[in-house]
Amino acid sequence: MALRFYNTLTQTTEPFSPAQDNTVRMYTCGPTVWNFVHIGNLRTFTSQDILRRWLQYRNYGLQHVMNITDVDDRIIQQAVAAGQSIYDYTDIYTKAFFEDTGKVRLQRPEIVSKATDHINEMVALIQGLAENGCTYESEGSTYFRIAKFPEYGKLAHLHFEGMQSGARVDTDKYEKDDARDFVLWKARKEGEHFWDTPLGPGRPGWHIECSAMAMKYLGETLDIHAGGVDLIFPHHENEIAQSEACTHKPFARFWLHTEHLMVEGETMSKSKGNFYTLRDLFEKGYSPEAVRYLLTSVPYRKQLNFTFDGLRSAATAIERLRNFELRLKTTKFPDGDNPAFDERTAKALAQFEEALDDDLNTAEALGAVFEYIRDANTAIDNGDFKTANRQNADSFLQKFDQVFDVLKPTVSEHALSDADIDALVAERTAAKKAKNFKRSDEIRQTLADQNVILEDTKEGTRWKRK
RNA sequence: GGCGCGGUAGCCAAGUGGUAAGGCAGAGGUCUGCAAAACCUUUAUUCGUCGGUUCGACUCCGAUCCGCGCCUCCA
Numbered sequence: 431m432a433l434r435f436y437n438t439l440t441q442t443t444e445p446f447s448p449a450q451d452n453t454v455r456m457y458t459c460g461p462t463v464w465n466f467v468h469i470g471n472l473r474t475f476t477s478q479d480i481l482r483r484w485l486q487y488r489n490y491g492l493q494h495v496m497n498i499t500d501v502d503d504r505i506i507q508q509a510v511a512a513g514q515s516i517y518d519y520t521d522i523y524t525k526a527f528f529e530d531t532g533k534v535r536l537q538r539p540e541i542v543s544k545a546t547d548h549i550n551e552m553v554a555l556i557q558g559l560a561e562n563g564c565t566y567e568s569e570g571s572t573y574f575r576i577a578k579f580p581e582y583g584k585l586a587h588l589h590f591e592g593m594q595s596g597a598r599v600d601t602d603k604y605e606k607d608d609a610r611d612f613v614l615w616k617a618r619k620e621g622e623h624f625w626d627t628p629l630g631p632g633r634p635g636w637h638i639e640c641s642a643m644a645m646k647y648l649g650e651t652l653d654i655h656a657g658g659v660d661l662i663f664p665h666h667e668n669e670i671a672q673s674e675a676c677t678h679k680p681f682a683r684f685w686l687h688t689e690h691l692m693v694e695g696e697t698m699s700k701s702k703g704n705f706y707t708l709r710d711l712f713e714k715g716y717s718p719e720a721v722r723y724l725l726t727s728v729p730y731r732k733q734l735n736f737t738f739d740g741l742r743s744a745a746t747a748i749e750r751l752r753n754f755e756l757r758l759k760t761t762k763f764p765d766g767d768n769p770a771f772d773e774r775t776a777k778a779l780a781q782f783e784e785a786l787d788d789d790l791n792t793a794e795a796l797g798a799v800f801e802y803i804r805d806a807n808t809a810i811d812n813g814d815f816k817t818a819n820r821q822n823a824d825s826f827l828q829k830f831d832q833v834f835d836v837l838k839p840t841v842s843e844h845a846l847s848d849a850d851i852d853a854l855v856a857e858r859t860a861a862k863k864a865k866n867f868k869r870s871d872e873i874r875q876t877l878a879d880q881n882v883i884l885e886d887t888k889e890g891t892r893w894k895r896k
């Protein structure tokens, strides 16, 4: 079956292909840069990375825009507290974001756009909405009038018929006609960063940046819009309202939402003491690959229970994958070809691709890979794996890694070089030959201290980094 | 209260009408100078509970218990 995704808008799984040409126009809600990225954020971004990679694997071009929210209440508050401008303050966390996500090998979107660089576009969009009679002004702020958009609630599947206007307590500091109305442009407040615009001095509301930037770079209708489940309402619902009320065209064809993660079975929160940034995990000694693997091993639409036990399991699972890769590379196979085994490889690849085509079922894809590895190991043991089978096997493994990207270890800059290791291994082999096991074990230990593991095989000694 | 998601082995988790993938941990074995590493085998008569439909249900229907999320600025 062809590629398909679950669409929050229709609540069904639908076949996917881009609307125009071969390029997927995709927008994902990026970070609010007021702090370091935490593992909850990262789960969403990692799932989007898998989405990116799978679209590319399926030979689609990609035009992916991710925003950086660099102005909002928290940022203003934190910047003031730190005695910095919002630009200086957010710059720190924007850089940290790419540094951190780079470590877990997230691809950088084709376009990264900052909210503060697109004030003009936002103002223009709000003006367009004003022309359509969808806005009103109150105490210097501009609001979107929900009553003008009857389809409001279609993404979150909320029904407001029974709700009385103003029935809810309005906790917002600004004056609104209807509790559901949301602010497009916030009036300037004393001591806050502001922009002078035709809408008056102030700053953008939360939702408008995404509509403005998405449509600027991708056109009025996106193929995919993605984010965390918590953004479905109100953020994405409001994006739809303000975009479609302006263009009268569907804002996005597919809405993909990543479920949240739990930590040790509990919701992650600072008060519970189970709040972790990616940097926290690195400090505890966990590898970027292990984090990446754990985060991707559970399909994106399922809640993921993040545990340290799971993180260790992930690291061991990666070892198994790497061991197979190493075995494939270093073993001398019997000459010839075994068509039956090539068929086995083809089957594994088909299962792998079908799993990811099915709304990115990463768990099933991994199952296909591990099952294959077991069969391949058995075939190698039995001599059923021939020299000519190596190419397809290796190609399958590389295709797997094109998506999951965990095979290559992250090597620190202080680590021994490959040449140093090779030299020590050669010395040990000589020592072993001379039955100088004392020296041989000494070298093994030296390398072990550098996180290099030696394996003695029929074809000699091979090594790997841990 | 409304809407949505989920409860499968010690842990993580796929499957969703034809008789339980995979990973980790555990147990056994192969290999090896010992060791390490690696590899192989094995581990759920059973899928929250109770009913129903069916030749047959983890998979469909009803009820029920439990967990999680959203219902205005949180990925």
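So the first sequence is numbered by the numbering used here: it starts at 431 and just counts up by one.
Think of the CB as a built atom: it goes at the ideal place given N, C-alpha and C, for glycine as much as any other residue.
Just so you know, these numbers come straight off a predicted model, no measurement behind them.
| Check | Outcome |
| --- | --- |
| Can you tell me the Cα-Cα spacing of D739 and I469, whole angstroms? | 15 Å |
| How about S673 and F684: are their beta carbons less than 7 Å apart? | no |
| Which whole-angstrom value describes the C-beta separation of I556 and I638, a residue pair presumed to lie in contact below a C-beta threshold of 8 Å? | 7 Å |
| Would you say T775 and F826 are within 7 Å of each other, going by their C-beta atoms? | yes |
| Helix, strand or coil for N437 per DSSP? | strand |
| How close, in whole Å, do the beta carbons of A617 and G635 come, if the pair is a contact with beta carbons under 8 Å? | Not a contact, Cβ separation roughly 11 Å. |
| So, with DSSP's three-state summary, where would you put M496? | strand |
| Could you check whether the region 472–486 touches the region 511–521, counting it as contact only if at least three pairs of C-beta atoms, one from each stretch, sit closer than 8 Å? | no |
| Would I457 pass as a contact of L652 if the rule is Cβ separation under 7 Å? | Position check: residue 457 holds Tyr in this sequence, whereas Ile was assumed. Yes. Within cutoff. |
| With distance defined between alpha-carbon atoms, name the residue in V454, Q441, R488 and N822 nearest to E784. | R488 |
| In angstroms with no decimal places, state the Cα-to-Cα distance between T442 and L846. | 52 Å |
| Out of F446, T520, Q880 and F763, point me to the one whose CA is closest to V463's CA. | T520 |
| Tell me whether T438 is buried or exposed, calling it buried when 16 or more other Cβ atoms sit within 10 Å of its Cβ. | buried |
| Going by DSSP, which residues form a beta bridge with P634? | W615 |
| Which first and last residues belong to the alpha helix (DSSP H) in which A861 is found? | D848 to K863 |
| Give me the Cβ distance between I498 and S543, rounded to the nearest whole Å; I'm assuming they're in contact under 8 Å. | 7 Å |
| Would you tell me roughly how many angstroms separate the C-alpha atoms of A545 and K525, rounded to the nearest one? | 15 Å |
| Between the alpha carbons of K619 and M552, how many angstroms are there, rounded? | 19 Å |
| Checking 7 Å against the spacing of the C-beta atoms, do V855 and T808 come in under that value? | no |
| Only counting the same chain, and skipping five residues up and downstream in sequence, which positions put a Cβ closer than 7 Å to that of L814? | First, the residue type needs correcting, since residue 814 is Asp and not Leu in the sequence shown. Only N768 and F771 meet the Cβ criterion. |
| Can you tell me whether N819 is buried or exposed? The criterion is at least 16 other CB atoms within 10 Å of its CB, across all chains shown. | buried |
| Counting only runs that start and end within the region 775–854, where is the alpha helix (DSSP H) found for 4 or more residues in a row? | 792–812 and 820–834 |
| Can you name the residues that DSSP bridges to D886? | T891 |
| Short check: CB of A642 to CB of H548, under 7 Å? | yes |
| Am I right that E667 and V836 are in contact with their C-beta atoms under 8 Å? What's the rounded C-beta distance? | Not a contact, Cβ separation roughly 36 Å. |
| Just checking Y487 against the ligand MN - is the residue's beta carbon closer than 6 Å to any of the ligand's heavy atoms? | Annotation note on the ligand MN: not contained in the displayed structure, which lists no ligands. |
| By DSSP, does R473 sit in helix, in strand, or in coil? | helix |
| Taking the alpha carbon of T688 as the reference point, which residue from F590, A747, A798 and G658 has its own alpha carbon closest? | G658 |
| From which residue to which residue does the alpha helix (DSSP H) around V721 run? | P718 to S727 |
| Measuring only the C-alpha atoms, how far is E622 from E529? | 29 Å |
| Name the residue from L559, R455, P764 and V510 whose alpha carbon lies nearest to the alpha carbon of H678. | L559 |
| What are the boundary residues of the beta strand (DSSP E) that M456 is part of? | T453 to T458 |
| Taking DSSP as the reference, what is the three-state secondary structure of G695? | coil |
| Would you list the one or two residues that DSSP bridges to I654? | M456 and F684 |
| For A449, which residues from the same chain have a beta carbon less than 7 Å from its beta carbon, with the 5 sequence-adjacent residues on both sides left out? | T651, D653 and R683 |
| Given a cut-off of 7 Å on the beta-carbon distance, is the pair Y573 and D789 in contact? | no |
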